[in-house]
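Enquirer:
Protein chains in written order, with the working numbering: chain A, 1 to 427; chain B, 1001 to 1427.
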C-alpha cells in the first residue's frame, strides 16, 4: 500500500498544474501523481488542438485564460523554456448576422485589454477565403452564409501541449513531487471514520470519506490529506459509483491532418498578413469549424466542435473518416476551395470533458476529494489558473492568486455555489 | 405518423401536471401525452413514498412545495376529490449537534408561516422512541447519537400518489388532452430546418432542431410546437445521444414494508399524540432513515435515502433485502426496538432522478425541447408548481403563477442561468 499527503489522479495538464502549484505553496507536502499511462500528458491533453486565445466574454473565462496565457508567455520568454508558443492569432470568419449580434460584446471584451481588429473582405480574399458562398447554389441550399468580416485576435495562437507538459512535469520533479505511471485507478477508496472491523464496511449509516484509491491491480494508495481528481472524462466513472456528484459528460472531438501539398495550401499555410509569425492564424469558419496551422510539419489540423455529437464516454475514442467527408469537407471547401479533393493523412480523436451546465470548468470539493474537471476543450489555455484554484481549495482559501497578481474567488468555479457567466462569444 | 401541437413524453406526475396546466392555459392546443406503460403514473411516481412537507429552507423549495400542497388541499377539501391526503405531520428526531446547528434556520422557516414545534424526550419516549442509544455499546460503536429533541412539522403528511395521478389525468381528459399508452420512446427526432433530401441528414453543419420522437417500434410522433420531456431518470438517455445537455443522474431508492403485527408496532402506528389523524407522523431518524405510516394497510413503509448509493440508471431497479438487513435494520432497532426481528413483507425500488448540482428541480428549454426533471425524490410534493413552470416556459413567460397567486421566476429553475438556494435543512 502506498501513502502520500496529497494524491493527484491524472497527469494530464490539469493534474500537472495542480501538482505544481500545490507543491510550490506547500513544499513540505508529500505529493504523488498517478496516471494510467507510462508518461505524463498522454490522455486527452495529447489529443488537444494546442491553441489558445485570451478573448472571452465570460468574466471567469477571461481571467482563467488571460492569466494562464500570461504565465505561459513568461515561461517561454523569461524562463526561456520553449513551449512552442506562437502568437499567430485567431481569425474568426463572421457572417453578417453574427457580426451584428456580437459587435457590442466584442467591443466590450476589447476594452478589457485584449486587442482585436476587424478584417475586411478584401483582405480575407487576399488570405484565400471565398467570402461569397451564397451565389453558389449548393452552398445556399446547405445554409452557408457569406463571410461579412473577419475578427482577428492577437493575444491568441498555438502552442505545443507536450512542451507544456514537460515544463510542469519538470518543475514538479524539481520540487520533489513524486510520479507513479502505469497505474490505473479502478475505484475511489471509501473508508469509515470509525471502523468496526466487520465485513461489508462501510455501511450506509457509517460516516465515511474518501481516503485514497484502489488500482486496477488491487493495490490501495492512500492520501493522508486529500485526493485530487484531475481525470477529465474519467471523472464520473470514479465519482458516480459512490454516489458523489459529477455533472461531467464526454464528447468525442476529432482532428484531421491535411498536408499542405499543393501550392494553394502552402500559400494559405504560410500567409504572413495577420501576424509576425510567418504563418496563418488559427482560423474559425462560420459553422465553428476550424483549422490550426502546423507550420513545422507543413500541415493543417482540422476540427469541428459541432453541437450535435452525442455525449458518450469511450475509453479509446477513434476518429471517423466519415465525419471528415460528410461533416467537415462540404463546408470547408466552400470557404476554402484550396482544400478541394484533399483527404486527411492522419487523424485522431479525444474527449472533451464537458460541464453541461455552462461549459465552464469546475473545481469543487466533496467527501475529501477535490475535483477539477469540465474544461470542455479549453483546458490547456486555462490550465495554469485552474491549478492555482485547486491549490487554493486545498488550503481552504476563499480566493486563489493567479499569475500577475490577479485574484479569483474559488467558489466561482464550484458546483453548487457557482458564479460563472456562460460564454456569450460563441463565434 | 402522429402529430400534435405539444408532445409530452411521460405520464408520471410531472408529465400530468405539465399537461394539465398547459391545457388549462391554452385550451386550443392539441396536447398528446405518451408513456411506455399501459396507464398513467406507473413509473417512479408509483414507487414514491407518497409523503409531503412544506418545511424547506431553500426559498424555491419552499415556494414549490407550499403552493403544491395548498393546491392539493384545495382539491381534496374544496373540489372534494380524495387524494388520501392526511396531515399526520413529519417528525424529525434530532441529535443535539444537529439541533444546535439548525435551530436558527428552523426558526427562520417557521417565521415564513409554516408552524413547527419541538417535542421533548419525554414525549418522544411516550411515542416509543429509544432516545438514549449512546449507553448501548453497540450503538455507540456504530456512531449513533442520542435523540435530543423532536421537530414536528404540521403542514406535512402522507398522500396517495395514485389518487393524485387520477386527479390530474381526469382533469386532462376532461379538458381534451390526448393520451397514448404502451408507447416507448427510442430517441428524440432531430430534423434539419432546411432539408436537402440527402441520406444522412441532418449533417452536423445543418441547422436542426428536435421535432418529435421516434418510438421503439419505429413510428414518428411529431410536435408542431414543442416536445416536453417529463421523463425523470430516462431524461439523459434521450438528451445525451444527441449532444443535448442533461445533468440528471439516477439513484436507486427502496421501500420495505413492515406489517404492524405486534402490539408494540400497532401502538406505534396508531399513536395519536402528534396530530388529529389518529396515527403516527412520517418519522425521520437521525441517519435520514424514515418510516411512513400506512394506517389502512396497517404497516410501515421504511426507506433510507442514504448518501452513498451510487448514481446508476437501471430500467428495472429491484429492492435488495441485504440493504434492509445491513443498511437499515441495525439503526432502526436502536431507535425503535419495536421493529426487533421484523422482516419486510414486501418491498420495491424506484429511481430518484437527481440534479447533482443542487438537488433542486430543473425546468429548461433546449433545441425546442422543454425538460422538466431532477426532482430528486420530492417530485410529488412539488409537482403542481413544476407543471405551472413548464406551462410558463411554453408560453415564453418570465414568471409562472403558482397556486394562491404566488409567483416564481422561471429562470430560477433553469440549467445555466439558475438561481436556486441549495436546501440547508437536511435533517
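Note that CB positions come from ideal geometry on N, CA and C, so glycine has one too.
Quick check on this structure: which residue in 1094(B), 1060(B), 1154(B), 1171(B) has the alpha carbon closest to the alpha carbon of residue 1079(B)?
Expert: The shortest C-alpha separation from residue 1079(B) is found at 1171(B).
Enquirer: Please report whether the beta-carbon of residue 340(A) lies at a distance below 8 angstroms from any beta-carbon of chain B.
Expert: No, residue 340(A) lies away from the interface with chain B (no Cβ there is under 8 angstroms from its Cβ).
Enquirer: Excluding five sequence neighbours on each side, which residues of the same chain lie with their C-beta closer than 6 angstroms to the C-beta of residue 288(A)?
Expert: So the list reads 305, once near-sequence residues are dropped.
Enquirer: How would you write the range of the beta strand (DSSP E) that residue 1157(B) sits in, first residue to last?
Expert: Per DSSP, residue 1157(B) belongs to the beta strand (DSSP E) from 1156-1158.
Enquirer: In chain A, which residues lie with their C-beta within 8 angstroms of the C-beta of residue 1309(B)?
Expert: Correct list: 204, 243.
Enquirer: So, helix, strand or coil for residue 1390(B), using DSSP?
Expert: Here residue 1390(B) sits in helix by DSSP.
Enquirer: With which residues is residue 237(A) paired in a DSSP beta bridge?
Expert: DSSP, once it has assigned bridges, lists no residue as partnering residue 237(A).
Enquirer: Are residue 398(A) and residue 390(A) closer than 8 angstroms when you measure CB to CB?
Expert: Going by C-beta atoms, residue 398(A) is not nearer than 8 angstroms to residue 390(A).
Enquirer: By the criterion of Cβ-Cβ separation under 9 angstroms, what are the contact partners of residue 142(A) in chain B?
Expert: What residue 142(A) touches in chain B: 1194, 1196, 1203, 1205, 1206.
Enquirer: Is the Cβ of residue 32(A) closer than 8 angstroms to any Cβ of chain B?
Expert: It does not: the Cβ of residue 32(A) has no partner Cβ on chain B nearer than 8 angstroms.
Enquirer: Using CA coordinates, which residue listed in 357(A), 236(A), 377(A) is at the minimum distance from residue 254(A)?
Expert: Measuring from the Cα of residue 254(A), the nearest candidate turns out to be 377(A).
Enquirer: So the alpha helix (DSSP H) residue 334(A) belongs to, where does it begin and stop?
Expert: Segment 329-335, the alpha helix (DSSP H) holding residue 334(A).
Enquirer: DSSP three-state call for residue 1486(B): helix, strand or coil?
Expert: In the structure as shown, chain B begins at 1001 and stops at 1427. Residue 1486(B) is therefore absent and cannot be evaluated.
Enquirer: To the nearest angstrom, how far is the alpha carbon of residue 1039(B) from that of residue 3(A)?
Expert: If you take the alpha carbons of residue 1039(B) and residue 3(A), they lie about 56 angstroms apart.
Enquirer: May I have the straight-line CA-CA distance separating residue 162(A) from residue 1202(B), to the nearest angstrom?
Expert: Their backbone Cα atoms lie some 37 angstroms apart in a straight line.
Enquirer: Got a sec: which bits of the region 1276-1291 of chain B sit with their beta carbon under 7 angstroms from any beta carbon on chain A, in order along the chain?
Expert: Residues passing the 7 angstroms Cβ filter: 1287.
Enquirer: Who pairs with residue 428(A) in a beta bridge, going by DSSP?
Expert: Outside the shown range of chain A, which is 1 to 427, sits residue 428(A), and nothing can be said about it.
Enquirer: Residue 1293(B) by DSSP, collapsed to three states: which one?
Expert: Strand, per DSSP.
Enquirer: Are residue 1018(B) and residue 1381(B) close, meaning C-beta to C-beta below 8 angstroms?
Expert: No.
Enquirer: If contacts are defined as beta-carbon pairs under 8 angstroms, then residue 416(A) and residue 1422(B) qualify, I think. What distance do you get, rounded to the angstrom?
Expert: 5 angstroms between Cβ atoms; contact.
Enquirer: Kindly say whether residue 306(A), judged by its beta-carbon, lies nearer than 8 angstroms to any beta-carbon of chain B.
Expert: Yes, its Cβ sits closer than 8 angstroms to a Cβ of chain B.
Enquirer: Is it a yes or a no for the region 104-123 of chain A touching the region 153-161 of chain A, going by three-plus beta-carbon pairs under 8 angstroms?
Expert: Touching, per the Cβ criterion.
Enquirer: Please list, in chain order, the chain B residues whose beta carbon lies closer than 9 angstroms to that of residue 358(A).
Expert: Ordered by position in chain B, the residues that pass the 9 angstroms Cβ test against residue 358(A) are 1415, 1416, 1417.
Enquirer: Is it right to say residue 1007(B) is buried, meaning 16 or more other beta carbons lie within 10 angstroms of its own, or is it exposed?
Expert: The residue in question, residue 1007(B), is buried, as its Cβ has 16 or more Cβ neighbours within 10 Å.
Enquirer: Got a sec, what are the start and stop residues for the beta strand (DSSP E) residue 254(A) sits in?
Expert: Taken as a continuous stretch (DSSP letters only), the beta strand (DSSP E) holding residue 254(A) covers 249-259.
Enquirer: Taking only three categories from DSSP, how would you classify residue 1342(B)?
Expert: Note: residue 1342(B) maps to coil in three-state DSSP.
Enquirer: Is it the case that the Cβ atoms of residue 1256(B) and residue 1302(B) are separated by a distance below 8 angstroms?
Expert: Contact flag set, yes.
Enquirer: If you drop the 5 nearest sequence neighbours on each side, which residues of the same chain put their C-beta closer than 6 angstroms to that of residue 385(A)?
Expert: The answer, listed in chain order, is 64, 67, 68, 402.
Enquirer: Is the shortest distance between the beta-carbon of residue 1327(B) and the beta-carbons of chain A less than 8 angstroms?
Expert: True, the Cβ-Cβ gap to chain A drops below 8 angstroms.
Enquirer: Taking residue 177(A) as part of the alpha helix (DSSP H), name the residues at either end of that continuous run.
Expert: Looking at the DSSP string, residue 177(A) is not in any alpha helix (DSSP H), and its letter there is neither H nor E.
Enquirer: Going along the region 153-166 of chain A in order, which residues come within less than 9 angstroms of chain B, judged by CB to CB distance?
Expert: Taking 9 angstroms as the Cβ-Cβ cut-off against chain B, none of the residues of the region 153-166 of chain A qualify.
Enquirer: Give, in chain order, every residue of the region 1241-1274 of chain B whose Cβ lies closer than 7 angstroms to some Cβ of chain A.
Expert: Against chain A - using a Cβ distance shorter than 7 angstroms - the residues of the region 1241-1274 of chain B are 1241, 1242, 1243, 1245, 1246, 1247, 1249, 1251.
Enquirer: Within 8 angstroms (strictly less), CB to CB, does residue 1331(B) reach chain A?
Expert: Closer than 8 angstroms: yes.
Enquirer: Which of the three DSSP states is assigned to residue 51(A) in this structure?
Expert: In the structure shown, residue 51(A) sits in a strand (DSSP, three-state: E or B).
Enquirer: Tell me the rounded alpha-carbon separation between residue 1027(B) and residue 400(A).
Expert: Using only the alpha carbons, I get a separation of about 54 angstroms.
Enquirer: Can you check which of these residues, 137(A), 132(A), 140(A), is closest to residue 149(A) by C-alpha distance?
Expert: The residue with the shortest Cα to Cα distance from residue 149(A) is 132(A).
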